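Report on the structure given below.
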Amino acid sequence: DITERKLAEERIFHMAHHDELTGLPNRNLMHDRIDQAIRNAARAGSGVALAFVDLDGFKLVNDGLGHKAGDELLKVVSKRMGACLRRNDTLARFGGDEFVILLPDQGQDPLALTPLLEKIRVAVTEPVQVAGQAVQVSCSMGVVMYPRDGADASALLMNADAAMYRAKDLGSNNFQFYAREMNASVEEKLMLLDGLRHAVQETLESDGESAGKPGGNRFHLLYQPKVDLKSGRIFGVEALIRWHHPEHGVVSPQRFIGLAEESGLIVQIGEWVVRTACRQAQIWRACGLPPITVSVNVSARQFEESRLVERVAMALQDSGLPPELLELEVTESLIMRDLQKAVDKMRELKAMGVSLSVDDFGTGYSSLSALKSFPISRLKIDKSFVSELAENPDDQAIAMAVISLGHKLNLKVIAEGVETEQQCAFLRENECDEMQGYLFSKPVTAGEIEDMLEQYVAQPGACARLQLVASQPRAALALAG
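Start counting the sequence shown at 65; every next residue gets the next number (the working numbering).
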């Protein structure tokens, strides 16, 4: 039957050119519409605007509440954005949490778009009820104009993407108009990625006597002390990676960890960190210093790697470090990506004797029942709740709730990012167990940790206290009987 065949062809065409979840045009159809809008604008002497939209915080919802909740959120947000547009505008979903908006028949002044872009931004940030919870995301938008910012669809999309990343860099939940220098950030990203690959290679090749020490194009580790708030004793350290690029100097973890995660290099880097931290902790132990735990952050990609447990066991065996002196820190959102698989893997690690803690607690969407199933020994209050602890009642309430919850589950609670005596006093008053932060010490070398521990050995039973030293930018450790 010709009619049925025609309907089938139309269905196939629709499926090939539309997003299944939202029903919006997909990447292929959007390319065609951009090309058509450019042709029309060239004839009429008008302009075309294009906005690349990326949702901020979507991954947290998707990981914390599940893909079904994430899908529901995408459908609601896409409808809200569509309701802001004119009949001849096009909203397309490019995949994941990325959308593109085509605005044909525009003038040449990009600032004329500001009211519409602000309307879209506000619409996206309205809370959405999904999975029985009110969740909120925002969006970062990069905006380009034809013919000013590109002559074809590919150029416009590439430049809109660069502008969107600039919006992300500026703190998200905003829109940025494209400027030519923004492509420099893309070039910088490629340069960093190339340097990162070389750093991994050089670090692994030099792994041994010089491992973890600065020099060349290599990674090295610093260690930030963790302090018991009652006794003032250093009970552990967190191993923190640093990278010194031969041309660009010190590259902050904020600039390269995301790249390492995207590229997959994080698995090799993470394995090296575990190995090096275990080796260093065993060196301290062999020197007769007080035994302290060393904690290592585990990234999402590293945690999901099938040989993680085996690699941790190997690092412990090769170094000789007792398993109870190693702690792995995982984020709340990482666990919630696949709760059962995560808990199973954590139980394997715990069975080996390794401790586990939840980093950045309070920033995700785990439920109390889920938290009770985590085989962990410690909760870490995220520094975002600590920074304004002395004056912000909301942050105070959150910190008190985490401390209370942790203690009810027989967990230790540690606060990170403690920088002032007022923050420290609040945590002590509310029976937080432990702290780390610049108030006590910035991340320091293994040798400086050794000096701190030797001072403790020299005066056994002494309590550590803070002594602010004017000539140094950090608080130095002093000991008082």
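Beta carbons are placed, not taken as given, at the ideal position from N, Cα and C, and that holds for glycine.
None of these values were measured; they are calculated from a predicted model.
Nearest in C-alpha terms to Tyr-502, of all of Cys-496, Leu-286, Val-482 and Arg-492, is Val-482. Closest by C-alpha distance to Glu-326, out of Met-400, Arg-261 and Val-373, is Arg-261. Out of Cys-342, Pro-289, Thr-267 and Asp-408, the CA that lies nearest to the CA of Ala-479 is found in Pro-289. Using a Cβ distance threshold of 8 Å, Met-246 and Ala-219 do not count as a contacting pair. In summary, Ala-108 is exposed, with fewer than 16 beta-carbon neighbours lying within 10 Å of its beta-carbon over all protein chains present. Residue environment for Leu-167: buried (at least 16 other C-beta atoms within 10 angstroms of its C-beta).
Here Glu-493 has no same chain residue with a Cβ atom under 7 Å from its own Cβ, once five neighbours each way along the sequence are excluded.
Considering only Pro-211, Asp-382, Asp-83 and Leu-323, the residue with the shortest C-alpha distance to Asp-99 is Pro-211. Listed as beta-bridge partners of Ser-359 by DSSP are Glu-302 and Glu-391. Bridge pairing for Met-205: Val-117 and Phe-239 [DSSP].
Arg-157 has Phe-163 as its beta-bridge partners, per DSSP. Taking the Cα positions, Ser-437 is about 20 Å away from Leu-124.
Asp-497 sits in coil when the DSSP states are folded into three classes, being neither helix nor strand.
DSSP places Asp-292 inside the beta strand (DSSP E), whose first and last residues are 283-292. Bounds of the alpha helix (DSSP H) holding Val-450 are 447-450. For a cut-off of 8 Å, the C-beta gap from Ala-377 to Val-358 is around 16 Å, too long to register as a contact. As computed with DSSP, Asp-423 is found in a beta bridge with Thr-395. If you look at Val-331, you'll find it in the alpha helix (DSSP H) that goes 330-350. For Pro-317, the three-state secondary structure derived from DSSP is helix.
By alpha-carbon distance to Asp-233, the top candidate from Pro-310, Asp-120, Gln-366 and Ser-270 is Asp-120. It is roughly 6 Å from the alpha-carbon of Asn-92 to the alpha-carbon of His-81. Collapsing the DSSP output to three states places Asp-225 in a helix. Beta bridge pairing from DSSP links Tyr-210 with Val-112. For Ile-184, the uninterrupted alpha helix (DSSP H) run begins and ends at 178-189, by DSSP. Around the beta carbon of Thr-67, a 10 Å sphere encloses fewer than 16 other beta carbons of the protein chains shown; the residue is thus reported as exposed. Taking 8 Å as the cut-off, the Cβ atoms of Val-192 and Val-186 do not count as close. With respect to the 8 Å criterion, Phe-320 and Leu-256 are classified as neighbours on the basis of their beta carbons.
Leaving aside the five residues that flank Phe-425 on each side, the residues in its chain whose CB is nearer than 7 Å to its CB run, in chain order, Glu-396, Leu-443, Lys-444, Ile-445, Asp-446 and Val-466. Cβ contact annotation for Thr-86 (same chain, cutoff 7 Å, sequence separation greater than five): Leu-138, Lys-139, Ser-142 and Arg-157, in chain order. In this structure Phe-283 is in contact with Ile-333, their Cβ atoms being roughly 7 Å apart against a cut-off of 8 Å. C-alpha of Pro-439 to C-alpha of Phe-449: approximately 24 Å in a straight line. Cβ-Cβ distances below 8 Å link Val-291 to Arg-297, Ile-298, Phe-299, Glu-498, Met-499, Gln-500, Phe-504 and Ala-528 in the same chain, with the five nearest sequence neighbours on each side left out; the list follows chain order.
Here Asn-152 is exposed, its C-beta having fewer than 16 other C-beta atoms within 10 Å.
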